Amino acid sequence: MTKGRIILIIGIIILIGGLVIGIDLLRRRAQESSIPPGSVPIYVDGKLVAAFTPDDLEQLEKVSFVDAEEGKTQEGWMLRDVLLLHIAKADLSSETRITVSSSSRDKSVQVTWAEVRDADNMVMFDLANKGTLKLVSKLERLDVRDEWVQDVDKIEVNAP
Amino acid sequence: MKKDRYFSTFQIILLALFAALVVVAKIALRLPLQLSGHSGIFWMAIVITAAGVVPKPGAASLVGVTSGLIAAFLGLGDFGMLNTFLSYTAVGLGTDLALLLLCDRENLLVTTLAAVLGHLGKFLVKWGLGTLTGAPVGFIALGLAKAFAGYVVFGALGGLLGGLTLKALRKAGFFAYLAEKR
Numbered sequence: 006m007t008k009g010r011i012i013l014i015i016g017i018i019i020l021i022g023g024l025v026i027g028i029d030l031l032r033r034r035a036q037e038s039s040i041p042p043g044s045v046p047i048y049v050d051g052k053l054v055a056a057f058t059p060d061d062l063e064q065l066e067k068v069s070f071v072d073a074e075e076g077k078t079q080e081g082w083m084l085r086d087v088l089l090l091h092i093a094k095a096d097l098s099s100e101t102r103i104t105v106s107s108s109s110r111d112k113s114v115q116v117t118w119a120e121v122r123d124a125d126n127m128v129m130f131d132l133a134n135k136g137t138l139k140l141v142s143k144l145e146r147l148d149v150r151d152e153w154v155q156d157v158d159k160i161e162v163n164a165p
Numbered sequence: 124m125k126k127d128r129y130f131s132t133f134q135i136i137l138l139a140l141f142a143a144l145v146v147v148a149k150i151a152l153r154l155p156l157q158l159s160g161h162s163g164i165f166w167m168a169i170v171i172t173a174a175g176v177v178p179k180p181g182a183a184s185l186v187g188v189t190s191g192l193i194a195a196f197l198g199l200g201d202f203g204m205l206n207t208f209l210s211y212t213a214v215g216l217g218t219d220l221a222l223l224l225l226c227d228r229e230n231l232l233v234t235t236l237a238a239v240l241g242h243l244g245k246f247l248v249k250w251g252l253g254t255l256t257g258a259p260v261g262f263i264a265l266g267l268a269k270a271f272a273g274y275v276v277f278g279a280l281g282g283l284l285g286g287l288t289l290k291a292l293r294k295a296g297f298f299a300y301l302a303e304k305r
């Protein structure tokens with residue numbers, strides 16, 4: 006009897022996994038023509054040029070710094086490197102404005118390419134524990150939790 | 124005529140303490156793992172221990188609802204009060220459902236499976252609300268299969284830890300002490 010119930014529970018667990026992954030797969034197929042779910046789109050002057058996924062980030066070099074506010078290590082990938090994966094360096098000038106935003110948090114921050122390019126500013130994405138990207142930096146206007154942009158879901162690049 | 128209550132006052136106090144412990148564990152115990160569901164190790168261990176200490180259907184759900192209320196009002200979680208409350212509640216409901224089917228609350232296999240199912244309740248809430256609202260749920264970015272596996276593994280580890288805790292408590296005579304208190 007107990008053995009049968011244990012098998013039933015294992016069956017329920019497998020069923021949940023199958024249903025969730027199956028439904029997600031169907032959703033992904035339906036959205037294949039648009040931006041893949043979970044990816045962050047990059048718009049240049051209003052035009053969608055790319056959407057990066059965790060796969061894109063894995064090929065980048067990881068960086069880290071200890072934030073001044075909480076003394077925690079912020080580890081992830083430089084925004085500079087993420088952008089250069091999809092945008093030619095020649096298309097970016099020092100004054101190019103880059104807006105990183107989160108629709109769920111209703112937050113955004115604007116930085117210039119000059120600030121992003123400077124490695125000392127550490128304008129980077131930290132991979133939060135829950136798996137979303139958080140924009141952090143050593144820049145004065147982006148160096149504490151309240152100023153960070155959590156759950157980033159859009160990047161816009163605009164020429165000056 | 125005095126009406127018998129389902130949970131005694133002592134049991135409710137115990138379950139409330141476990142609920143508070145769930146929230147404290149969520150805040151204080153952090154593992155430096157970039158994996159979805161890793162907090163389930165502590166979370167599920169506490170819920171399973173609570174369901175073993177108060178071996179009645181509904182005990183885990185009560186811990187889930189209470190910890191969900193505390194966590195929601197403390198502003199825990201990144202997707203709002205409703206998401207937080209439902210996630211914590213789903214953990215309790217899932218655990219109770221499994222324990223209702225499996226009965227023996229101190230068997231390590233049972234505690235492990237119950238914790239996995241309870242933890243998957245949280246996974247389902249996060250995934251479901253993420254899908255409905257379009258919020259950037261972390262495990263969608265990381266890969267759903269990987270996140271699902273993470274929830275199963277960490278839930279199982281938590282259940283195992285909870286089961287071992289129950290065994291240790293029995294060995295230490297805690298249940299005999301509780302029987303006297305009841």
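Line by line, the protein sequences are chains A and R.
To convert, take the position in the first sequence, counting from 1, and add 5; that gives our numbering.
To convert, take the position in the second sequence, counting from 1, and add 123; that gives our numbering.
All C-beta atoms, glycine included, are put in the ideal place defined by N, C-alpha and C.
No experiment lies behind these values; they were computed from the predicted model shown.
Per-residue contacts from residue i into chain A (C-beta, under 8 Å)
{"i": "Ser159/R", "result": "Lys135 and Gly136"}
{"i": "Val275/R", "result": "Ile18 and Gly22"}
{"i": "Leu236/R", "result": "Ile11, Ile14, Ile15 and Ile18"}
Residue i, DSSP secondary structure in three states
{"i": "Trp153/A", "result": "coil"}
{"i": "Phe298/R", "result": "helix"}
{"i": "Ser190/R", "result": "helix"}
{"i": "Leu292/R", "result": "helix"}
{"i": "Val105/A", "result": "strand"}
{"i": "Lys139/A", "result": "strand"}
{"i": "Ala56/A", "result": "strand"}
{"i": "Leu205/R", "result": "helix"}
{"i": "Val45/A", "result": "strand"}
{"i": "Glu303/R", "result": "helix"}
{"i": "Lys8/A", "result": "helix"}
{"i": "Ser69/A", "result": "strand"}
{"i": "Lys179/R", "result": "coil"}
{"i": "Ala264/R", "result": "Its pLDDT being 47, under 50, Ala264/R is placed unreliably in this model, and the coordinates cannot settle the point."}
{"i": "Ser113/A", "result": "strand"}
{"i": "Arg32/A", "result": "helix"}
{"i": "Glu100/A", "result": "coil"}
{"i": "Gly278/R", "result": "helix"}
{"i": "Ser184/R", "result": "helix"}
{"i": "Ser159/R", "result": "coil"}
{"i": "Ala142/R", "result": "helix"}
{"i": "Ile92/A", "result": "coil"}
{"i": "Asp148/A", "result": "coil"}
{"i": "Leu314/R", "result": "There is simply no residue 314/R to check, as chain R begins at 124 and stops at 305 in what is shown."}
{"i": "Gly200/R", "result": "coil"}
{"i": "Gly51/A", "result": "coil"}
{"i": "Ala270/R", "result": "helix"}
Pair within 7 Å by beta-carbon distance, residue i and residue j
{"i": "Ser159/R", "j": "Ala270/R", "result": "yes"}
{"i": "His91/A", "j": "Ile160/A", "result": "no"}
{"i": "Val25/A", "j": "Trp250/R", "result": "yes"}
{"i": "Arg228/R", "j": "Gly285/R", "result": "no"}
{"i": "Val170/R", "j": "Thr235/R", "result": "no"}
{"i": "Arg85/A", "j": "Arg122/A", "result": "yes"}
{"i": "Ile164/R", "j": "Gly244/R", "result": "no"}
{"i": "Trp82/A", "j": "Thr101/A", "result": "no"}
{"i": "Gly241/R", "j": "Val214/R", "result": "yes"}
{"i": "Val71/A", "j": "Thr78/A", "result": "yes"}
{"i": "Asn4/A", "j": "Ser142/A", "result": "Past the boundaries of the shown model lies residue 4/A; chain A is included only from 6 to 165, so the question cannot be answered."}
{"i": "Leu222/R", "j": "Ala237/R", "result": "yes"}
{"i": "Leu338/R", "j": "Val186/R", "result": "Past the boundaries of the shown model lies residue 338/R; chain R is included only from 124 to 305, so the question cannot be answered."}
{"i": "Val128/A", "j": "Val114/A", "result": "no"}
{"i": "Val5/A", "j": "Val87/A", "result": "Nothing about residue 5/A can be reported from this structure: the residues present for chain A run from 6 to 165 only."}
{"i": "Val154/A", "j": "Lys112/A", "result": "yes"}
{"i": "Thr212/R", "j": "Gly191/R", "result": "yes"}
{"i": "Arg10/A", "j": "Leu144/R", "result": "no"}
{"i": "Leu252/R", "j": "Asn206/R", "result": "yes"}
{"i": "Phe277/R", "j": "His161/R", "result": "yes"}
{"i": "Lys139/A", "j": "Asp151/A", "result": "no"}
{"i": "Leu209/R", "j": "Val248/R", "result": "yes"}
{"i": "Glu66/A", "j": "Val149/A", "result": "no"}
Span of the alpha helix (DSSP H), counted from its first residue to its last, around residue i
{"i": "Ser131/R", "result": "Ser131/R -> no alpha helix (DSSP H), and no H or E assigned at all."}
{"i": "Glu229/R", "result": "Unbroken run through Glu229/R: none, as it is neither H nor E."}
{"i": "Val170/R", "result": "Gly163 to Val176"}
{"i": "Glu161/A", "result": "It is not in any alpha helix (DSSP H) - Glu161/A instead sits in the beta strand (DSSP E) that spans Lys159 to Asn163."}
{"i": "Arg121/A", "result": "Note that residue 121/A corresponds to Val in the displayed sequence, not to Arg. From DSSP, the alpha helix (DSSP H) with Val121/A extends over Trp118 to Arg122."}
Proximal residues of chain A, C-beta to C-beta of residue i below 9 Å
{"i": "Leu240/R", "result": "Ile14, Ile17, Ile18 and Ile21"}
{"i": "Val145/R", "result": "Those do not exist, as Val145/R stays about 17 Å from chain A at its closest Cβ, beyond 9 Å."}
Within chain R, partners of residue i - CB distance below 7 Å
{"i": "Val10/A", "result": "The residue asked about is misnamed: residue 10/A is Arg in this sequence, not Val. In chain order: Leu224 and Leu225."}
{"i": "Thr101/A", "result": "Within 7 Å Cβ-Cβ: nothing; Thr101/A doesn't reach chain R, min ~25 Å."}
{"i": "Asp29/A", "result": "Leu267"}
Range of the contiguous beta strand (DSSP E) that encloses residue i
{"i": "Glu80/A", "result": "Thr78 to Met83"}
{"i": "Met127/A", "result": "Segment: none, Met127/A is in no beta strand (DSSP E) and carries neither H nor E."}
Contacts of residue i in chain A (Cβ-Cβ under 7 Å)
{"i": "Ala268/R", "result": "Ile26"}
{"i": "Phe208/R", "result": "Correct list: empty, because the minimum Cβ distance to chain A is about 17 Å."}
{"i": "Trp250/R", "result": "Val25"}
{"i": "Ala195/R", "result": "Here the premise fails: no neighbours, minimum Cβ distance about 17 Å."}
Residue i: CB within 6 Å of a non-hydrogen atom of the ligand PLP
{"i": "Asp125/A", "result": "Although the ligand PLP was asked about, the structure shown includes no ligands whatsoever."}
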